[in-house]
Ligand code: HSE
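In my numbering, the protein residues as written are 795 to 1234.
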């Protein structure tokens, strides 16, 4: 059978990886897909660089629309990124009857509803394995491997940049700013790292996993997004002493009559495997009612790990190209006419436990007043630790750090309690609050 023809929009790091892996492993891929997969056309503004990657025999153009307009092209691979021009090109490709493969988590998390609806109307596939956790086949696992399960929760380290920074902060006792600079110097963080360090990239990925796990529309705007910029080496060390590691987690959970979708730093017990995922690696834990807990680990970025996911999508499309659209795996795992309208919970409705650190005056009654406020709010304390005052402010210090771990409570109650604690004259600085996930 004639190889299926793909056109690539944007041949940067990942595009180069796709091209190289496809060329290197073509015989194996053909045996799996039942036909060859060929990148016949590449669009990139830098045609010279594109040509140097693909060599001769591939049409190189500087206009993505030429790829979309080419009737020989069956699949458009979008690797441009962002939600600007990429959205228009993906919609145009769908309109032209092309299947789409994309690694663009931002685009799908924000415009997924529009894109999947357009694709359904045209009977084409939109595949996005590379959009979440790079080379880890988590979309495949959630959409197909775990399809028997009622998913209960997902918690993932789904941003390698921030995990690298947190690992460096813990290993070397570095402050955030220093660790970020180091990550940039080593190429682990972008020159503009905002999306990574503010948790936005992780929230895009968590949004997609949320939709697939629970059969709800993609709703990035309902995600709670908090990054790692305010974390200190001191809290990382205190957490470690208490048996916890701080990770930036993307969490989505079935809870009461709704769904939680949140990204924020979390204390995770050091004994959990996921707590030991270090450097730029990614890992995703999924809890299903039948399977129990499963864990997926691997590289979340990089040319060939991401290419691995893109090519898996190309193989799926090559196999299902001629199948009836109704027999394909639905975009978001659930049939489009069977999506749920489960409510997305606000943060004040989330139930979780907490690490609190407060700088207090080291005098009689301070601890009692703080624990009294927590008790009045119905918040149960799991552990309390007070540092030696000397350790905080040197010999003769009259200040100390009070660290409290709580049991699960409603975030709204914690907000009320913290507002009251903050008003105590003996609480000398803003209280640090980091959520804690046992992931049991
Ligand atoms: N910037 C992402 C990360 C990789 O650091 O994990 C692509 O999503």
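No residue lacks a Cβ here, since even glycine has one placed at the ideal position from N, Cα and C.
Residues in its own chain within less than 7 angstroms of residue i by CB, not counting five upstream and five downstream?
| i | result |
| --- | --- |
| residue 1211 | 1167, 1168, 1171 and 1173 |
| residue 811 | 1097, 1098, 1100 and 1101 |
| residue 1007 | 936, 945, 948 and 1046 |
| residue 1027 | 963, 967, 968 and 969 |
| residue 917 | 1119 |
| residue 864 | 801 and 835 |
Have a look at the options and flag the residue whose alpha-carbon is nearest the alpha-carbon of residue i.
| i | options | result |
| --- | --- | --- |
| residue 1150 | 1176, 844, 857 and 996 | 1176 |
| residue 848 | 1110, 1108, 816 and 1111 | 816 |
| residue 1179 | 1165, 1188 and 1189 | 1165 |
| residue 824 | 797, 835 and 1057 | 797 |
| residue 1193 | 1206, 1213, 1160 and 1201 | 1160 |
| residue 1187 | 1219, 1162, 1153 and 1200 | 1153 |
| residue 981 | 959, 970 and 889 | 959 |
| residue 1031 | 999, 966 and 972 | 966 |
| residue 1004 | 1050, 1073, 926 and 917 | 926 |
| residue 1002 | 971, 903 and 920 | 903 |
| residue 915 | 1125, 1222 and 1157 | 1125 |
| residue 1220 | 1135, 1079, 1202 and 1196 | 1196 |
| residue 1029 | 1181, 846 and 1214 | 1181 |
| residue 1035 | 863, 806, 1198 and 1214 | 1198 |
| residue 910 | 1191, 1129 and 1214 | 1129 |
| residue 1117 | 1025, 919 and 822 | 919 |
Just the C-alpha distance for residue i and residue j, rounded to the nearest angstrom, thanks.
| i | j | result |
| --- | --- | --- |
| residue 1042 | residue 1095 | 16 angstroms |
| residue 1083 | residue 997 | 24 angstroms |
| residue 876 | residue 989 | 11 angstroms |
| residue 912 | residue 882 | 12 angstroms |
| residue 994 | residue 1228 | 18 angstroms |
| residue 1137 | residue 944 | 17 angstroms |
| residue 891 | residue 869 | 9 angstroms |
| residue 1047 | residue 894 | 29 angstroms |
| residue 962 | residue 1081 | 29 angstroms |
| residue 1155 | residue 1183 | 9 angstroms |
| residue 878 | residue 802 | 17 angstroms |
| residue 820 | residue 1205 | 52 angstroms |
| residue 1108 | residue 854 | 20 angstroms |
| residue 1074 | residue 1092 | 9 angstroms |
| residue 923 | residue 1089 | 17 angstroms |
| residue 933 | residue 884 | 20 angstroms |
| residue 907 | residue 1185 | 54 angstroms |
| residue 1146 | residue 1016 | 18 angstroms |
| residue 814 | residue 831 | 13 angstroms |
| residue 856 | residue 942 | 45 angstroms |
| residue 834 | residue 1139 | 46 angstroms |
| residue 850 | residue 867 | 18 angstroms |
| residue 1055 | residue 846 | 43 angstroms |
| residue 840 | residue 852 | 15 angstroms |
| residue 1213 | residue 887 | 52 angstroms |
| residue 971 | residue 795 | 55 angstroms |
| residue 987 | residue 1025 | 16 angstroms |
| residue 999 | residue 1131 | 23 angstroms |
Give me the Cβ distance between residue i and residue j, rounded to the nearest whole Å; I'm assuming they're in contact under 8 angstroms.
| i | j | result |
| --- | --- | --- |
| residue 1062 | residue 1053 | Not a contact, Cβ separation roughly 21 angstroms. |
| residue 1044 | residue 930 | Rounded, the Cβ-Cβ distance is 13 angstroms, inconsistent with contact. |
| residue 1010 | residue 1141 | Their Cβ separation, rounded to whole angstroms, is 18 angstroms, which puts residue 1010 and residue 1141 out of contact at 8 angstroms. |
| residue 1019 | residue 1057 | 5 angstroms |
| residue 837 | residue 808 | With 8 angstroms as the limit, residue 837 and residue 808 do not qualify as a contact, their Cβ atoms being about 15 angstroms apart. |
| residue 1231 | residue 1060 | 5 angstroms |
| residue 1110 | residue 921 | 6 angstroms |
| residue 1112 | residue 843 | Not quite, the Cβ-Cβ distance comes to about 28 angstroms (not below 8 angstroms), so this is no contact. |
| residue 800 | residue 871 | 6 angstroms |
| residue 1085 | residue 940 | 6 angstroms |
| residue 1163 | residue 1222 | Going by Cβ atoms, the distance from residue 1163 to residue 1222 rounds to 14 angstroms, so no, they are not a contact pair. |
Please state the DSSP three-state secondary structure of residue i.
| i | result |
| --- | --- |
| residue 1070 | helix |
| residue 1235 | There is simply no residue 1235 to check, as the chain begins at 795 and stops at 1234 in what is shown. |
| residue 799 | strand |
| residue 1083 | coil |
| residue 1038 | strand |
| residue 984 | coil |
| residue 943 | coil |
| residue 1134 | coil |
| residue 1209 | helix |
| residue 877 | coil |
Just to confirm my understanding: we take residue i, look at its own chain, exclude 5 residues before and 5 after, and list those with CB closer than 8 angstroms. What are they?
| i | result |
| --- | --- |
| residue 1216 | 1224 and 1225 |
| residue 1065 | 1037 |
| residue 985 | 978 |
| residue 1208 | 1148, 1171, 1173, 1200 and 1227 |
| residue 874 | 803, 804, 858, 880, 883 and 898 |
| residue 983 | 955, 958, 959, 974, 977, 990 and 991 |
Residues in the same chain with beta-carbon distance under 6 angstroms from residue i, minus the five sequence neighbours each way, listed in chain order, please.
| i | result |
| --- | --- |
| residue 1071 | 951 and 1077 |
| residue 1039 | 1062, 1064 and 1069 |
| residue 1114 | 1122 |
| residue 1127 | 937 and 1006 |
| residue 1021 | 991, 992 and 993 |
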